[in-house]
Amino acid sequence: MMSYYSKQFLLFVALTLASTGSSFTYSKNVNHLERTNAKNYGQRKLSNTLARESNAKPLLTSLALSASGGGAAVAADLVEPTKKSALLDTLETGMYFGLWYLFNIGYNIYNKQALNVLDYPWTIATIQMTVGIAYFLPLWITGLRKAPKLSLGDLKTLFPIALLHCGVHVGGVVSMGAGAVSFAHIVKASEPVVTCMMNAAFLGQFLSPLVYATLIPIIGGVAIASMKELSFTWLALGSAMLSNVSSAARGVFAKKTMSGKKIGENLDAQNLYAVLTAMSTAILIPIMFAVEGTGFIGAFKKLVAAGDFTNKSLATFLALGGACYYAYNEVAFLALGKVNPVTHAVGNTVKRVVIIVASVIAFKTPMSRGSIVGSSIAIFGTLLYSLAMNSEGKKK
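In the working numbering, the protein residues as written are 9 to 404.
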């Protein structure tokens, strides 16, 4: 068991570092700049990344190569490299999506397995959040990634977003602990409904009737799945909805406080997520002790004493959940930053289906026919919503 966990952990870290490193190297390539100049979607604006809106506009950082003169000669020199870069770009995008799905599946499985043996969701959520620091801190210290520079005012701006980030994560962990992983993801598919409500209430943003019409299958699908869910609990439903509300509110705060405002230095999407992870960890630690105390330590020792785990294997087991959690979010920025909104929408929908199927297989979770039908309708509704939002964005 220990050997398996160790190999998986090393594999996850190595793949994440490789994918992150390749993105930095590739971003310096002239052909990447040419591709960006050709209006390929790059890294999304920070506030829109947090809001998870599929119609987010790209953050344009292109350089006009044609302005340097010698157009014909430059074009001739770039013909062959462009062909190669197109192939590399396709392979790189495929690798990012593969890693995104892999880490996501790994997180959900490791998370549920940990919750099955240790009924301390707040502590497990805090540990998972803390593990991420062990990833980005060495990158900052060694200079492999430029460390962000933030003022006290910047931290105050980010604090409510970090607080809501805690709600997103803890809500998801509690939901998975109280019910099936598949059910948690079915309920979380209803996030667009909450997002539309909050955007209308707090931002005065009203959308077309077509967009609102796509919310009907989402609401109906989740309702059907909830009524027919064999492992239904109100705690699982309520916690998943808390995650949805926190995620939607996080997007609202991001728009209200960060849109058009420069915050710190070197705060790209990945560094922003790292900063939020560090701040969320600091927020969660005292809340964790207030809610669950130190009971986790005693439960940990009992498991080891029972012979089910060794100290090292159980610690590694918990660390794997945190490693996968941070890794899938890290790779998500790279994956979603390389595709257009339609591909983003389809990829996100497929990801949710893959996670549900993988969790059902891994835990042999029975799903009633009604639950399968309801989840299918809800997930299809989220795809329609994303496509409708994309269409709405093009009209503006």
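We put the CB at the ideal spot given by N, CA and C, even for glycine.
Best match in the options for proximity to residue i [C-alpha to C-alpha]
| i | options | result |
| --- | --- | --- |
| Phe304 | Trp130, Leu110, Ser267, Val362 | Trp130 |
| Ala327 | Glu100, Gln121, Leu110, Leu95 | Gln121 |
| Thr98 | Ala286, Gly378, Ala343 | Ala343 |
| Tyr118 | Gly329, Gly345, Ala257 | Gly329 |
| Leu158 | Gly259, Leu110, Asn116, Ala282 | Ala282 |
| Gly228 | Ala262, Ser267, Val381 | Val381 |
| Val358 | Tyr109, Glu100, Gly102 | Tyr109 |
| Thr409 | Val178, Lys403, Ser376 | Because the chain in this structure spans residues 9 to 404, residue 409 falls outside the shown range and cannot be described. |
| Tyr143 | Asn279, Ser239, Val260, Thr373 | Asn279 |
| Gln213 | Leu172, Gly259, Val230 | Gly259 |
| Met235 | Phe111, Lys403, Met375 | Met375 |
| Thr134 | Lys164, Ala298, Thr351, Ala314 | Ala298 |
Simplified DSSP state of residue i, which is helix, strand or coil
| i | result |
| --- | --- |
| Lys310 | helix |
| Leu126 | coil |
| Glu199 | helix |
| Thr318 | coil |
| Gly329 | helix |
| Gln278 | helix |
| Leu145 | helix |
| Glu400 | helix |
| Gln213 | coil |
| Phe240 | coil |
| Met375 | coil |
| Leu152 | coil |
| Thr222 | coil |
For residue i, the residue or residues it bridges with in DSSP
| i | result |
| --- | --- |
| Glu273 | Lys157 |
Residues of its chain near residue i, where Cβ-Cβ distance is below 8 Å and the 5 sequence neighbours each way are ignored
| i | result |
| --- | --- |
| Leu243 | Val182, Ser183, Ala186, Gly187 |
| Leu311 | Val125, Leu126, Phe317, Leu322 |
| Val219 | Cys204, Tyr393, Ala396, Met397, Glu400 |
Chain C within 8 Å of residue i, Cβ atoms only
| i | result |
| --- | --- |
| Ser234 | Given the protein chain composition of this structure (a single chain), no chain C is represented. |
Proximal residues to residue i (C-beta, below 6 Å), its chain only, five neighbours per side dropped
| i | result |
| --- | --- |
| Glu237 | Phe191, Ser379 |
| Asn116 | Val189, Ile363, Ser367 |
| Tyr128 | Glu300, Phe304 |
| Ser383 | Ile194, Ala233 |
| Thr33 | Legend: pLDDT at Thr33 = 41, less than 50; position of this residue unreliable, no value from coordinates given. |
Same chain, Cβ closer than 7 Å to residue i, five either side skipped, listed in chain order
| i | result |
| --- | --- |
| Ile226 | Ala197, Ser198, Pro200, Val201, Ala386, Gly389, Thr390, Tyr393 |
Touch check for the region 269-278 and the region 319-336: three-plus C-beta pairs under 8 Å? no
Counting Cβ pairs, one atom from each stretch, are 3 or more of them under 8 Å apart for the region 197-211 and the region 147-154? No: the two stretches stay apart, fewer than three of their Cβ pairs being nearer than 8 Å.
Check whether the region 241-256 and the region 93-108 touch, using three or more Cβ-Cβ pairs below 8 Å as the test. No, the region 241-256 is not in contact with the region 93-108.
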